[in-house]
Amino acid sequence: EDQVTQSPEALRLQEGESSSLNCSYTVSGLRGLFWYRQDPGKGPEFLFTLYSAGEEKEKERLKATLTKKESFLHITAPKPEDSATYLCADLRNSGYALNFGKGTSLLVTP
Amino acid sequence: NAGVTQTPKFRILKIGQSMTLQCTQDMNHNYMYWYRQDPGMGLKLIYYSVGAGITDKGEVPNGYNVSRSTTEDFPLRLELAAPSQTSVYFCATRGGGTEAFFGQGTRLTVV
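Protein chains in written order, with the numbering used here: chain A, 2 to 111; chain B, -8 to 102.
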């Protein structure tokens, strides 16, 4: 079964301590790989779409990268306001809906 | 521009009751989705629609029904509520691009 696996499940960082979140996917025929941010009690908020291996996208302290089997969300010098759950999802060429991983809960402490 | 609007935001149902979760979008997107999110379980697809008049089952459709009579609206119906349907429900849309846009969710408790 095609699936999206995120690690770690939870991550605690000190403010300014850079790290990476991982998203592994096993699907062939990838149409897009997505990263979302979700704050407590809110709906997921779109961050990035990656389409092909080697692609990178950046937004403020976040950078998303894609290889043939996984994607990374790099967080550089995080701030407490970066605390949230980060969701990864894929869209297959043969499918109509995004398929989500379980998410990584990130806590950044001052 | 409201995007994706879900109502109600919160609801408590008794076992066996019925209700409809409303979802409306003003982005003229063809694709619409219903997901449920349980703690630690990620987002699971319940039903989706590729356009008005066309719907199909997702991963966890049992106990739910949908309709899509217009581009804008995609209501989710629970006929006989069960405790297993306690969850947070999200409606999402997708247009010509590949990314999906989500509503703020409906938190449902069945007691």
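Where a beta carbon is used, it is the ideal one built from N, C-alpha and C, also for glycine. Since the model is a prediction, treat every value here as computed from it, not as a measurement.
query	result
Residue nearest to Ser60 of chain B in terms of C-alpha spacing, selected from B:Ile45, B:Arg68, B:Arg2 and B:Pro74	B:Ile45
Against chain B: residues of the segment 84 to 111 of chain A by CB proximity under 9 Å	Leu88, Ala90, Leu92, Tyr97, Ala98, Leu99, Asn100, Phe101, Gly102, Lys103 and Gly104
Check whether Val79 of chain B and Leu4 of chain B have beta carbons under 8 Å apart	no
Bridge-paired residues (DSSP) for Asn100 of chain A	A:Asp91
Touching by the beta-carbon criterion (3+ pairs, under 8 Å), the segment 44 to 55 of chain A and the segment 21 to 29 of chain A	no
CB contact flag (Ser40 of chain B, Phe81 of chain B, <8 Å)	no
Candidates A:Gly30, A:Lys69 and A:Glu57: closest to His75 of chain A by CA position	A:Glu57
One or two residues paired with Thr105 of chain A in a DSSP bridge	A:Tyr87
Reduced DSSP secondary structure (H/G/I, E/B, other) of Gln13 of chain B	strand
Option nearest Lys48 of chain B by Cα separation, candidates B:Leu67, B:Phe1 and B:Pro74	B:Leu67
Best match in A:Gln4, A:Ser19 and A:Ser8 for proximity to Thr77 of chain A [C-alpha to C-alpha]	A:Ser19
Cβ-based neighbour list, Gly33 of chain A, same chain, cut-off 8 Å, excluding 5 preceding and 5 following	Thr50, Leu51, Tyr52, Asp91 and Leu92
Start-to-end residues for the beta strand (DSSP E) that takes in Ile37 of chain B	Gly33 to Gly42
Range covered by the beta strand (DSSP E) that runs through Gln(-3) of chain B	Val(-5) to Thr(-2)
Interfacial residues, the segment 32 to 66 of chain A to chain B, with Cβ spacing under 7 Å	Arg32, Gly33, Phe35, Lys43, Gly44, Pro45, Phe47 and Thr50
Terminal residues of the beta strand (DSSP E) in which Arg2 of chain B lies	Phe1 to Leu4
Environment of Phe1 of chain B [buried if 16+ CB atoms lie within 10 Å]	exposed
Under 9 Å by beta carbon: chain A residues contacting Gly94 of chain B	Gly44
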